[in-house]
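Everything in the sequence shown is counted per our numbering, starting at 21 for the first residue and increasing by one.
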Amino acid sequence: MLSHLFILLTTVVPVYGFSAPNPTRRTAVEIISFAPLSTTLLTGLTVPETKAAIIEAEIPTAATTTATTATTTTISASWKAIDGLNTLEASKFVSFDKGAYDAMVGDKSRTPQFEKSIIKRLNSVIDGPGSQIVLDLGTGPYAYFAIIAAKAGAKKVYAIEASSDACKLAREAVTKAGYDNIITILEGYSTDITLPDNVKADFAIAEIVGSVASEEGVVATINDARLRLVKSPDDPTSWIPRAIQTLGAPASYSLHNLFLPPAFDWTKLEGAPVRFNCRDEGLQLLSDPSVVEDIQFAKMGKSSGSTRSGSRKLTFTVDGKRVEENAKKFNDEYIRGHVPDAATLAITAANSISGIALWPRLILDDDITINSRQYPDGNHQRSHWLTVLPIMSPIPVAVKGDDRITVDFEFEVPASVTTPPSYRITGSVVSV
Ligand SMILES: C[S@@+](CC[C@H](N)C(=O)[O-])C[C@H]1O[C@@H](n2cnc3c(N)ncnc32)[C@H](O)[C@@H]1O
Numbered sequence: 021m022l023s024h025l026f027i028l029l030t031t032v033v034p035v036y037g038f039s040a041p042n043p044t045r046r047t048a049v050e051i052i053s054f055a056p057l058s059t060t061l062l063t064g065l066t067v068p069e070t071k072a073a074i075i076e077a078e079i080p081t082a083a084t085t086t087a088t089t090a091t092t093t094t095i096s097a098s099w100k101a102i103d104g105l106n107t108l109e110a111s112k113f114v115s116f117d118k119g120a121y122d123a124m125v126g127d128k129s130r131t132p133q134f135e136k137s138i139i140k141r142l143n144s145v146i147d148g149p150g151s152q153i154v155l156d157l158g159t160g161p162y163a164y165f166a167i168i169a170a171k172a173g174a175k176k177v178y179a180i181e182a183s184s185d186a187c188k189l190a191r192e193a194v195t196k197a198g199y200d201n202i203i204t205i206l207e208g209y210s211t212d213i214t215l216p217d218n219v220k221a222d223f224a225i226a227e228i229v230g231s232v233a234s235e236e237g238v239v240a241t242i243n244d245a246r247l248r249l250v251k252s253p254d255d256p257t258s259w260i261p262r263a264i265q266t267l268g269a270p271a272s273y274s275l276h277n278l279f280l281p282p283a284f285d286w287t288k289l290e291g292a293p294v295r296f297n298c299r300d301e302g303l304q305l306l307s308d309p310s311v312v313e314d315i316q317f318a319k320m321g322k323s324s325g326s327t328r329s330g331s332r333k334l335t336f337t338v339d340g341k342r343v344e345e346n347a348k349k350f351n352d353e354y355i356r357g358h359v360p361d362a363a364t365l366a367i368t369a370a371n372s373i374s375g376i377a378l379w380p381r382l383i384l385d386d387d388i389t390i391n392s393r394q395y396p397d398g399n400h401q402r403s404h405w406l407t408v409l410p411i412m413s414p415i416p417v418a419v420k421g422d423d424r425i426t427v428d429f430e431f432e433v434p435a436s437v438t439t440p441p442s443y444r445i446t447g448s449v450v451s452v
């Protein structure tokens, strides 16, 4: 999930420093290049990961119209939320390999925050932790949060996991930790499972948050749990996290400016977002972010039976100061990669938009939040979550400070946990 590809391009495109690539996962450069490169020069530039398994995706050609005072360029992308890394049930459901699970558990900006919030929640009740039935939705192979809840004194923990491999390991972890009497691991999709004796949980832990917050099926999962598995679904303290968000901001991307047609065809990505490590300086934001998705578990609808769709319109203004700073960072990156005329290309790249970058934020309780990028400015930081960039035009669209980018973010979230959500962003860049 977090792999970085360090590439050295010579006459072909050998890839260095990438250990054990998943065969279903290809790099953006592998997908977009169709002509062998003659001489190239690029060392050390990082090529982020991209989703491989994308259905019905599209990148329309950018159309530019010029008025007397302003130029308007349309941009768009659409994709389905299946992570190309691993899927259960014939590409219907996001799943993870060991490296991805290890990255989650080892994420120091995530796991300790969940631990604190779980312990705090258990100790917040008058009758004490021993009165609480806890549900861990998607417990993973380490049953990590289930064991935290058991250690903190929960009366009973039901931990549900769809992946049978992860379930087997979770059972072993629970036995090893000595909590077989407290924790019951239930295998399957939570939407198919009824808790023994139809009991309901006092609160649920649900770390099924994607890099676009809703992409791992959390809405279908929580909607169902609200109806059947949790005692007081409208109470925010019934949920950890209690809300999840996707933040978004227009972004410039160094390689989109470097790998241009005819040698590289970005439309071959067919809308599949490019996925970046949150510390990757090859992606820079053009403005502060806005909230794109805001999913509050205690306020979700009461019906679980239908697909939800909706849209959110957002306007961003390109921040000239960011553009200047971004040019310096791209210059450093291009120089490291021995790109000729790095300074000129860095200015071009900094004055361009490739798409709307998206990343998640989790509100665990009143006091504890997790940010995968710095909050509120969206600057780089370490996180196991990735920053997702749908490429919204075949070549980057030129922008400058004070230009307006208006987008409509549309989503369709199915009621079934095994039908992936789909997303579409359409909009325009107005250059004044
Ligand atoms: C992001 S991982 C989190 C694993 C673990 N809870 C942690 O935080 O380290 C999400 C896990 O939830 C599982 N999952 C997601 N939705 C589920 C559902 N509705 N029912 C059962 N398992 C689910 C996935 O298979 C995956 O193992």
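Every residue, glycine too, gets a C-beta built ideally from N, C-alpha and C.
In this structure the segment 283 to 296 does not lie against the segment 385 to 396, because fewer than three pairs of beta carbons, one per stretch, are closer than 8 Å. Contact between the segment 214 to 221 and the segment 240 to 260 is present: 3 or more CB-CB pairs across the two stretches fall below 8 Å.
For Met412, the shortest C-beta to heavy atom distance toward ligand 1 is 7 Å or greater. Ser413 and Ile376 have their C-alpha atoms some 11 Å from each other. Under the DSSP definition of a beta bridge, Phe336 partners with Ile425. The DSSP-derived three-state label of Trp286 is helix.
By alpha-carbon distance to Asp385, the top candidate from Ala318, Ser151, Leu155 is Ala318. Residue nearest to Arg402 within the set Asp127, Ser115, Thr92 is Asp127 (criterion: CA-CA distance).
Contact check between the segment 262 to 271 and the segment 306 to 321: three or more CB pairs, one atom from each, fall below 8 Å, which counts as touching.
Contact between Ile168 and Leu206 is ruled out by a C-beta separation of about 18 Å, above the 8 Å threshold. Looking at the backbone, the Cα of Thr241 and that of Ser210 are separated by about 7 Å.
DSSP lists Tyr443 as the bridge partner or partners of Trp99. Ligand 1 approaches Thr241 closely enough that one of its heavy atoms is under 7 Å from the residue's Cβ. Per DSSP, reduced to three states, the secondary structure at Phe350 is helical. When only Cα atoms are considered, Leu409 and Ala97 end up about 10 Å apart.
With a 10 Å radius around the Cβ and a threshold of 16 neighbouring Cβ atoms, His404 comes out buried. Beta-bridge annotation (DSSP): Asp156 is paired with Ala179, Ile225.
With 16 or more other Cβ atoms inside 10 Å of its own Cβ, Asn243 counts as buried. Note that the C-beta distance between Val238 and Ile264 is below 8 Å. For Ala172, the secondary structure class from DSSP, reduced to helix, strand or coil, is coil. Annotation for Val312: the continuous beta strand (DSSP E) segment containing it runs 310 to 316. The three-state secondary structure of Glu344, taken from DSSP, is helix.
Between the beta-carbon of Asn371 and that of Val450 there is about 15 Å, and that puts the pair past the 8 Å contact cut. When DSSP assignments are scanned along the segment 352 to 423, the uninterrupted stretches of alpha helix (DSSP H) that are 4 or more residues long and fall wholly within it turn out to be 362 to 370. In the structure shown, the three-state DSSP call for Ser252 is coil. In this structure, DSSP gives Phe296 an extended state, which the three-state scheme calls strand. Ala182 and Gly208 have their C-alpha atoms spaced approximately 4 Å apart.
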